[in-house]
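Comments concern the structure below.
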Amino acid sequence: MRLLCDLGNTRIKWAWAEGATLSGFGSGDYSGVEAYTTRLTGSVRPTMIAAISVARHRNEAFVRFCEEQWALAPQWYPSLREGFGVSSLYEPPETLGADRFAALAGARARFPGQAVCVADCGTAITVDALDGDGVFQGGAILPGLSAAACALRLIAPRLTGSPGDRFYAAYGRTTQDAVGGGLMLGAAGAIERLFRDQGAVLGHDARLVLTGGDAARLAPYLSTPFEHVAHLTLEGLAVMVS
Ligand SMILES: Nc1ncnc2c1ncn2[C@@H]1O[C@H](COP(=O)(O)OP(=O)(O)OP(=O)(O)O)[C@@H](O)[C@H]1O
Ligand SMILES: CC(C)(CO)[C@@H](O)C(=O)NCCC(=O)O
Ligand SMILES: [K+]
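In this text, residue positions in the sequence shown follow the UniProt record's numbering: the first is 1, and each later residue adds one.
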């Protein structure tokens with residue numbers, strides 16, 4: 001079995017792959033002595049480790065962990081100009097986050113021949129336009145929910161609200177509710193606006209796909225139809241290794 005890993009800025013996510021079939025999904029953060037290691041230690045030895053990373057400063061500890069656990073070096077999968085059914089117009093193509101490219105490859109495999117807008121709601125939110133021919137037409141990057149809350153708190157210490165798990169209305173009557181509503185509805189509104197404008201290059205039958213750590217939390221705020229694909233980036237990585 002192959003071990004697929006996605007090193008994000010907040011968390012590392014992983015899955016075990018047998019061909020295109022994924023199982024054993026896990027995630028961990030980087031606190032303490034890289035907390036994720038306690039969850040992967042003792043796993044069966046993978047036949048290979050495939051990894052993408054947008055958190056370069058985490059790579060060294062990850063490589064060391066793989067070496068100590070399994071005497072294996074991870075193989076890294078960067079963004080390409082062309083590959084796995086995706087043709088990228090990003091300039092230069094290798095500067096596109098490897099997680100974005102993998103998610104596009106995942107979208108291509110899951111929805112062949114279809115135009116897809118991929119909204120990956122992680123540390124940053126990325127909204128990426130993949131047309132029906134597999135051309136990545138470009139996208140947008142904005143702060144994720146936690147990042148936006150953190151930025152507000154840092155710059156304006158009275159704004160201590162952070163997006164909790166309950167539903168916020170557009171008319172918050174406490175600081176907490178006003179910040180919560182602003183963050184949730186703001187992010188959902190941004191995704192919908194970007195999806196709408198990407199219709200110009202995707203056509204109006206494009207589908208909207210949500211993924212990433214905050215996708216489930218944002219889902220109730222969207223009024224546009226969408227699909228939630230929990231592990232789209234790892235699905236794409238599975239395509240890239242097989
Ligand atoms: N168990 C968790 N630990 C930390 N964050 C979580 C967890 N569950 C959901 N989240 C939310 O997920 C977001 C991070 O999402 P995700 O793990 O997809 O990001 P990432 O891949 O690390 O980031 P990026 O790829 O944008 O650098 C955070 O904003 C946080 O609110
Ligand atoms: C935007 C993030 C942080 C999302 O994880 C990542 O894809 C990244 O660091 N990208 C590099 C910059 C870019 O994609 O243009
Ligand atoms: K991500």
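Cβ atoms here follow ideal geometry from the backbone N, Cα and C, with glycine treated the same way.
query, result
"Would the stretch 99 to 118 and the stretch 76 to 88 be scored as touching if the rule is three or more Cβ pairs under 8 Å?", "yes"
"Arg196 lies in the alpha helix (DSSP H); which residues open and close that run?", "175 to 202"
"For ligand 1, enumerate in chain order all residues having a CB closer than 6 Å to any of its heavy atoms.", "Gly8, Asn9, Thr10, Arg11, Asp29, Val54, Asp99, Gly122, Thr123, Ala124, Gly144, Leu145, Ser146, Gly212, Gly213, Asp214"
"Would you identify the three-state DSSP class for Gln69, choosing helix, strand or coil?", "helix"
"In terms of residue numbering, what span does the beta strand (DSSP E) encompassing Met48 cover?", "48 to 53"
"Can you check DSSP and say which residues form a bridge with Arg108?", "Paired residue(s): none; Arg108 is not in a bridge."
"Out of curiosity, what's the CA-to-CA distance linking Arg173 and Arg158?", "15 Å"
"Can you tell me whether Glu91 is buried or exposed, with buried defined as 16 or more other CB within 10 angstroms of its CB?", "exposed"
"State the DSSP-derived secondary structure class of Leu130, mapped to helix, strand or coil.", "strand"
"Taking the alpha-carbon positions, what's the Val118 to Ala129 distance?", "7 Å"
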